[in-house]
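Here is the structure we will look at, set down as structure tokens.
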Amino acid sequence: MIDGKLDYHDCYPEEQLIYQHLLNLVGKESPNQILDRIRALFIEAANYPEPEILPILDKIILSKTANDNFKFFLNKCCHLLVSHWLINPLLHSAITDLASLFKNIPSNFTYAIKINMRSREISRLRELVKLFVNSEQYLILQRFTHLVNNTVAVTNRKDEQPLIILIRRYPYLYQHYLMTANPTTEQKEALKHFQLKVQKKFEIDLLQYVTYKVRRINLLKNTSTTEANRILRPVNNPTLLTDSELYTTLKHFLGKVEHGNTYHELAQQFINYGGKTKNFGSFKEDLYKYLISSVDESYGKKQFNQKLYKYLQNISSQANEQKVNDVLLMKTCCDLLNFLVINHKSSPQHFIFLDLINNQGALPTIGLLLKIVLICHKVKPLLEKKLAILFNHYENSTTNSIGWLVETLEQLNIAFSINFGEIDLSFFKRFC
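Letter by letter, the sequence shown follows residues 176 to 607 of our numbering.
Listed below in structure tokens is the structure:
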């Protein structure tokens, strides 16, 4: 399936021909050969190995809708290639080279006269490529270069570096931060494959590091530091948290947080009890109590608890006498995430989220969000989307200026791995 969503317009057949042409080539030719083709086709608009392709492209670039549609067409061409290269780490550098191609456009037209006077087509193509380079589509293509660039050594969240270079660390953001509008099936599958691979590696690395630290602690009870260093091969901390912060995070999400219960146990108790409430109005009362037990008492009493209670009461109030069902549960949880994290993509206000973190810390704030997701797993993608909006909002800020966000993202990585991943850290519970 080449088109993720059918969109018939005057050049639709021509676009499909070029998509299929590139799709046939990308599995046969090397990245360098493909990049030479992209340069010849979309930069020079000349000397293309299959000359019959150029008239097809000419119709697209000279169409009346080119100003609006060409950036989407070129974007899809790029992502057909990216999706193929993404699944093979040896081909990742080609993604960076592809994005760079469109930044390095020759400024003169002297050679155009020598190629059958195609200066009109070349001039128009350059105008359209510039529109593409200044579009959101090209911005997402550039984000992929940060995703696949694994050579940047990041060991400290307080370094003066743009947040965007950390995107690889947070696979739960990929689907919303890196996905273009109307993605193809191949694009979705490739990104999902890459996401699962990165997630699995993080979980393995985290398990190995925690195991190493536990073994080291046990060894130091009976032997010297020198001997422990000789016996154990060091393992790197896969997070940007200090060992102390990592221990606190693991303890928080693995251990007992309220009344001798873990977050998972609290959620199960609420599901078992909340599902038996008389009606939706009573359910919201119970939900309020379930949530505020994760809020710092002094902070909650100032204004937050009252705001949360009022917000909850206004959610689908016309249904207060109805029995709770999956639709009401999901809507309520979605609305809560709107209230607690961020409401609108166009105006990413996140005062409440930031205020919660500033006043009670990232861990209990994440715990509050986790409580919502654990009683309604279907809203996890919405939470990830809201976090991706925040990441997008701060992507050019330096990490040392937004340490609160990096810390939150790192701790969410662990919370999601423990509650929704395949990692088994149950042996660590005795340290909680």
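Each residue gets a CB set at the ideal place from its N, CA and C atoms; glycine is no exception.
- prompt: So, helix, strand or coil for residue 433, using DSSP?
  reply: strand
- request: Give the single residue among 576, 383, 598 whose Cα lies nearest to the Cα of residue 335.
  value: 576
message: Give me the residue from 266, 583, 368, 219 with the minimum Cα distance to residue 531.
response: 583
field: Three or more C-beta pairs below 8 Å linking the stretch 345 to 363 and the stretch 549 to 566
entry: yes
query: Are there 16 or more other CB atoms within 10 angstroms of the CB of residue 502, so buried, or fewer, so exposed?
result: exposed
- request: Rounded to whole angstroms, what's the CA-CA distance from residue 285 to residue 234? Just pull it up for me.
  value: Below a pLDDT of 50, predicted positions are generally treated as unreliable, and residue 285, at 49, falls in that range; the measurement from the model is reported next regardless. Distance between the alpha carbons of residue 285 and residue 234: 23 Å.
task: Return yes when the Cβ of residue 245 is within less than 8 Å of the Cβ of residue 200, no when it is not.
output: no
message: By the three-class DSSP mapping on this structure, what secondary structure does residue 573 have?
response: Here residue 573 sits in strand by DSSP.
message: For residue 339 and residue 250, what's the separation of their Cα atoms in angstroms?
response: Approximately 20 Å between the Cα atoms of the pair.
- request: Please confirm if the stretch 435 to 444 is in contact with the stretch 488 to 508, defined as three or more CB-CB distances below 8 Å between the two stretches.
  value: no
field: For residue 337, three-class secondary structure by DSSP
entry: strand
task: Report the residue from 185, 232, 186 whose alpha carbon sits nearest the alpha carbon of residue 197.
output: For residue 197, the closest alpha carbon among the candidates 185, 232, 186 is that of 232.
- request: Please state if the CB of residue 515 and the CB of residue 544 are separated by a distance shorter than 8 Å.
  value: For residue 544 and residue 515, yes; Cβs fall inside 8 Å.
Where the alpha helix (DSSP H) containing residue 553 begins and where it ends: DSSP places residue 553 outside any alpha helix (DSSP H), giving it a letter other than H or E.
field: Sub-8 Å separation of residue 406 and residue 394 beta-carbons
entry: yes
- request: Label residue 287 either buried or exposed according to how many other C-beta atoms from any shown protein chain fall within 10 Å of its C-beta, with 16 as the threshold for buried.
  value: Here residue 287 scores only 49 on pLDDT, less than 50, and its place in the model is too uncertain to base an answer on.
message: Can you list, in chain order, the residues of its chain with a C-beta nearer than 8 Å to that of residue 603? Leave out the 5 residues immediately preceding and following it.
response: 385, 389, 425, 429
query: Taking all protein chains shown into account, do 16 or more other C-beta atoms lie within 10 angstroms of the C-beta of residue 588, making it buried, or fewer, making it exposed?
result: buried
field: Where residue 277 sits in the DSSP three-state scheme
entry: coil
- prompt: For residue 185, does the three-state DSSP call read helix, strand or coil?
  reply: coil
Supposed contact pair residue 355 and residue 315 - C-beta distance, whole angstroms, cut 8 Å: 6 Å
task: Say whether the stretch 483 to 492 touches the stretch 446 to 461, bearing in mind that this needs 3 or more beta-carbon pairs closer than 8 Å, one atom from each stretch.
output: yes
message: Please report the distance separating the alpha-carbon of residue 237 from that of residue 319.
response: One C-alpha to the other measures close to 30 Å.
query: Looking only at its own chain, which residues have a Cβ that is under 6 Å from the Cβ of residue 370, when we skip the five neighbours before and after it?
result: 346, 349
field: Within 8 Å, strictly: CB atoms of residue 541 and residue 586
entry: Taking 8 Å as the Cβ cut-off, residue 541 and residue 586 qualify as a contacting pair.
message: Helix, strand or coil for residue 411? Go by DSSP, reduced to three states.
response: In the structure shown, the three-state DSSP call for residue 411 is coil.
- prompt: By Cβ distance below 6 Å, which residues in the same chain neighbour residue 189 in space, the five residues on each side in sequence not counted?
  reply: 231, 234, 235
query: Which residues in the same chain as residue 471 place their Cβ atom closer than 7 Å to its Cβ, once the five residues preceding and following it in sequence are excluded?
result: 534, 535, 539
- prompt: Taking the alpha-carbon positions, what's the residue 257 to residue 206 distance?
  reply: Whole-angstrom Cα-Cα distance: 10 Å.
Reference residue 528, options 225, 579, 509, 605, closest by Cα: 579
message: I'd like the list of long-range same chain contacts for residue 241, defined as Cβ closer than 7 Å, with 5 residues on each side in sequence excluded.
response: 235, 303
- prompt: So what's residue 293 in DSSP terms, helix, strand or just coil?
  reply: coil
query: Which of the three DSSP states, helix, strand or coil, is assigned to residue 599?
result: coil
Proximity below 8 Å, CB of residue 210 to CB of residue 255: no
Buried/exposed call for residue 526, threshold 16 Cβ in 10 Å: Counting Cβ neighbours within 10 Å, residue 526 comes out exposed, since fewer than 16 surround it.
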